[in-house]
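Novice:
Residue numbers (this note's numbering): 1414 to 1878.
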């Protein structure tokens, strides 16, 4: 069977799966902390610790899902069934995560632990198989990069959709009079859209690539192969570092405009305080720029290679993030310009990461004679969760350390901490990602050789069957 050509409709269908996930990924990374502090009434430090504990558990849960998905047998394939089965639970738990029951302070924290932990587990149950699907839709490197690009364009489009809808929805449902009710009903709308997108992804995609050899799956050997896989370790480090960069910038943005920029401008209006309109513009510009980065990733990587493209954009993002520190409330145009430039860099790396994980799955099969696509792709999800964990926890802890108090004017120390979350702290993540990716060994020429040999093995197995 030829795997070279994937139809446009199928690429769109694959992209819709990440559009659904990214709607809530952005809601969690950009709004959940400020929702917990300013609406639900949990302290920033307590929320940061909760993020750390629940996300570490969830990150460890990802490989379990990958192992289960690798061993799934159904008429729909290994990975597609999860898009059908888990979509509705995903939407339901998302709604409960943004509910605000009238509990004591301790009860609210317990409720947040339970609902957020469940949400992240459900997220893994649908997102790990979805990510793994890329590895079995095609065995051609350029086609995988194209699928990754479609995925990331739709991911950022889904984020744009959520960020563009959330303020109008909150105002439509009466955020001024009842913030808790407005948040709950707004999330119900987003959840329904996400479920519909997951179902379209299931319906419009197909699994094609089978293992080159009919080898009995062995969990111990699969894990042993993974732990000895040097490219996997390198990409894991680069991915975690890149997500630290993104999660700290995302988590600090709403606080930056509400408590730093707005305080310098003395404006008024908006449910989050004086900076909400600027917050929305900033976030939407970032998502639009992410899409530009995704579009640029394929031609850039085709010309100079995935590794050089990844390293180059992360070096630029490091320099831009450091420069961001020196802006204040008078520099709104520069803030927006640098948000666009940094976000283009950030958007460029994600299709590269997913395509490189697919390459690593092929490398592992070529080297060891066994294919563990779900386990390897779960490590990508795990790296996202670890990076998100470190960044999210650091955001909450820094706010607490610098003396942040919700819904009040902030001290100079608190404002300084908020500024660091948009500048020097993200720059640490980008610099680390460059350090890791320098050692990545799978070049395009090497992967062309590996893919050709695997294709011949698959053809031989099919002829003997």
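Every residue, glycine too, gets a C-beta built ideally from N, C-alpha and C.
If you draw a straight line from the C-alpha of residue 1573 to the C-alpha of residue 1701, how long is it?
Specialist: On the chain shown, residue 1573 is found 160 positions in, with the first residue counted as 1. On the chain shown, residue 1701 is found 288 positions in, with the first residue counted as 1. The straight-line gap from Cα to Cα measures roughly 7 Å.
Novice: In chain order, what are the residue ranges of uninterrupted alpha helix (DSSP H) at least 4 long that sit wholly in the region 1540-1615?
Specialist: 1554-1585
Novice: According to the neighbour-count rule (16 or more other Cβ atoms, all chains shown, within 10 Å of its Cβ), is residue 1590 buried or exposed?
Specialist: To locate residue 1590, count along the chain shown from 1; it is residue 177. So residue 1590 ends up on the exposed side.
Novice: If you compare alpha carbons, which of 1476, 1509 and 1857 is closest to residue 1596?
Specialist: On the chain shown, residue 1596 is found 183 positions in, with the first residue counted as 1. It is 1509.
Novice: Since residue 1965 is in the alpha helix (DSSP H), which residue starts that stretch and which ends it?
Specialist: In the structure as shown, the chain begins at 1414 and stops at 1878. Residue 1965 is therefore absent and cannot be evaluated.
Novice: What's the C-alpha gap between residue 1823 and residue 1832?
Specialist: Reading the chain shown from its first residue, position 410 is the one you call residue 1823. Reading the chain shown from its first residue, position 419 is the one you call residue 1832. Looking at the two C-alpha atoms, the distance is approximately 12 Å.
Novice: Taking buried to mean at least 16 other C-beta atoms within 10 Å of its own C-beta, is residue 1804 buried or exposed?
Specialist: Here residue 1804 refers to the residue found at position 391 when the chain shown is read from its first residue. The residue in question, residue 1804, is buried, as its Cβ has 16 or more Cβ neighbours within 10 Å.
Novice: Which same chain residues, not among the five before or five after residue 1837, have their C-beta less than 7 Å away from its C-beta?
Specialist: Taking the chain shown and counting its residues from 1, the one referred to as residue 1837 is at position 424. Sequence-distant partners of residue 1837 (beyond 5 residues in either direction) whose C-beta falls short of 7 Å from its own C-beta, in its chain, are 1735 and 1738.
Novice: Please determine, among 1478, 1507, 1521 and 1515, the residue with the shortest C-alpha to C-alpha distance to residue 1542.
Specialist: Within the chain shown, residue 1542 is the residue found at index 129, counting from 1. Measuring from the Cα of residue 1542, the nearest candidate turns out to be 1478.
Novice: Mind reading off the beta-carbon distance from residue 1522 to residue 1802? Whole number of angstroms is fine, and I expect it under 8 Å.
Specialist: Numbered from its first residue, the chain shown carries residue 1522 at position 109. Numbered from its first residue, the chain shown carries residue 1802 at position 389. In fact, because the Cβ distance is near 18 Å, the residues do not count as touching under 8 Å.
Novice: Can you give me the start and stop residues for the alpha helix (DSSP H) that residue 1695 sits inside?
Specialist: In the chain shown, residue 1695 corresponds to position 282, counting from 1. Start and end: 1689-1717.
Novice: Got a sec, what are the start and stop residues for the alpha helix (DSSP H) residue 1481 sits in?
Specialist: On the chain shown, position 68 is the one that residue 1481 refers to. It spans 1457-1483 - the alpha helix (DSSP H) in which residue 1481 sits, taken as one unbroken run.
Novice: Confirm, please, whether the CB-CB distance from residue 1674 to residue 1616 is below 7 Å.
Specialist: Stepping through the chain shown from its first residue, residue 1616 is reached at position 203. Stepping through the chain shown from its first residue, residue 1674 is reached at position 261. Not closer than 7 Å, so no.
Novice: Determine, using beta carbons only, whether residue 1669 comes closer than 7 Å to chain D.
Specialist: The question asks about chain D, but that chain is absent: this structure has only one protein chain.
Novice: Taking three-plus beta-carbon pairs below 8 Å as touching, is the region 1707-1717 in contact with the region 1840-1853?
Specialist: no
Novice: If you pair each beta-carbon of the region 1643-1658 with each one of the region 1523-1531, do three or more pairs fall below 8 Å?
Specialist: The region 1643-1658, when compared against the region 1523-1531, does not touch it at the 8 Å Cβ threshold.
Novice: If we count Cβ pairs, one from each stretch, closer than 8 Å, do we get three or more for the region 1602-1612 versus the region 1490-1501?
Specialist: When Cβ pairs closer than 8 Å are counted between the two stretches, the region 1602-1612 is seen to touch the region 1490-1501, the count reaching three or more.
Novice: Rounding to the nearest angstrom, what Cα-Cα distance links residue 1871 and residue 1781 in this structure?
Specialist: For this step, residue 1871 is matched to residue 458 along the chain shown. For this step, residue 1781 is matched to residue 368 along the chain shown. Distance between the alpha carbons of residue 1871 and residue 1781 is about 15 Å.
Novice: Alpha carbon to alpha carbon, how far is residue 1740 from residue 1748?
Specialist: By 1-based counting over the chain shown, the position of residue 1740 is 327. By 1-based counting over the chain shown, the position of residue 1748 is 335. So the two alpha carbons sit approximately 7 Å from each other.
Novice: Is residue 1435 helix, strand or coil by DSSP?
Specialist: Along the chain shown, read from residue 1 onward, the residue named residue 1435 stands at position 22. Of the three classes helix, strand and coil, the one that applies to residue 1435 here is helix, per DSSP.
Novice: Can you give me the start and stop residues for the alpha helix (DSSP H) that residue 1445 sits inside?
Specialist: Taking the first residue of the chain shown as position 1, residue 1445 is located at position 32. Segment: none, residue 1445 is in no alpha helix (DSSP H) and carries neither H nor E.
Novice: Decide if residue 1785 is buried, meaning its Cβ has at least 16 other Cβ atoms within 10 Å, or exposed.
Specialist: Walking along the chain shown from the start, residue 1785 turns up at place 372. That one is buried.
Novice: Can you give the beta carbon distance from residue 1603 to residue 1578, rounded, assuming they're within the 8 Å contact cut?
Specialist: Here the question's residue 1603 lines up with position 190 in the chain shown. Here the question's residue 1578 lines up with position 165 in the chain shown. Residue 1603 to residue 1578, Cβ: 7 Å. Contact.
Novice: Thinking C-alpha only, which one of 1719, 1458 and 1474 is nearest residue 1771?
Specialist: For the purposes of this step, residue 1771 is identified with residue 358 of the chain shown, where counting begins at 1. Per the Cα distances, 1719.
Novice: On a CA-only basis, which of 1705, 1779 and 1513 is nearest residue 1862? Give me that one, please.
Specialist: One-based indexing of the chain shown puts residue 1862 at position 449. Per the Cα distances, 1779.
Novice: Going by DSSP in three states, residue 1536 sits in which element: helix, strand or coil?
Specialist: Working through the chain shown from its first residue, we reach residue 1536 at position 123. Helix, per DSSP.
Novice: Classify residue 1836 as helix, strand or coil using the three-state DSSP reduction.
Specialist: Numbered from its first residue, the chain shown carries residue 1836 at position 423. If DSSP states are grouped into helix, strand and coil, residue 1836 belongs with coil.
Novice: Around the Cβ of residue 1746, are there at least 16 other Cβ atoms within 10 angstroms (buried) or fewer (exposed)?
Specialist: On the chain shown, position 333 is the one that residue 1746 refers to. Per the 10 Å Cβ criterion, exposed.
Novice: Roughly how many angstroms lie between the CA atoms of residue 1705 and residue 1621, to the nearest whole one?
Specialist: Numbered from 1 along the chain shown, position 292 holds the residue referred to as residue 1705. Numbered from 1 along the chain shown, position 208 holds the residue referred to as residue 1621. Cα to Cα, the separation comes out at about 30 Å.
Novice: Can you tell me the Cβ-Cβ gap for residue 1552 and residue 1791, rounded? I've got them flagged as a contact below 8 Å.
Specialist: Position 139 of the chain shown, counted from the start, is the residue given in the question as residue 1552. Position 378 of the chain shown, counted from the start, is the residue given in the question as residue 1791. Contact doesn't hold; Cβ gap of about 20 Å is too wide.
Novice: Let's test the definition: count the other Cβ atoms within 10 Å of the Cβ of residue 1439 and tell me whether it reaches 16, buried, or not, exposed.
Specialist: Here residue 1439 refers to the residue found at position 26 when the chain shown is read from its first residue. Under this definition residue 1439 is a buried residue.
Novice: Nearest-angstrom Cα distance between residue 1535 and residue 1618?
Specialist: On the chain shown, position 122 is the one that residue 1535 refers to. On the chain shown, position 205 is the one that residue 1618 refers to. C-alpha of residue 1535 to C-alpha of residue 1618: approximately 21 Å in a straight line.
Novice: I think residue 1560 touches residue 1671, with their Cβ atoms under 8 Å apart; what is that distance to the nearest whole Å?
Specialist: Reading the chain shown from its first residue, position 147 is the one you call residue 1560. Reading the chain shown from its first residue, position 258 is the one you call residue 1671. About 38 Å separates the two Cβ atoms, so there is no contact after all.
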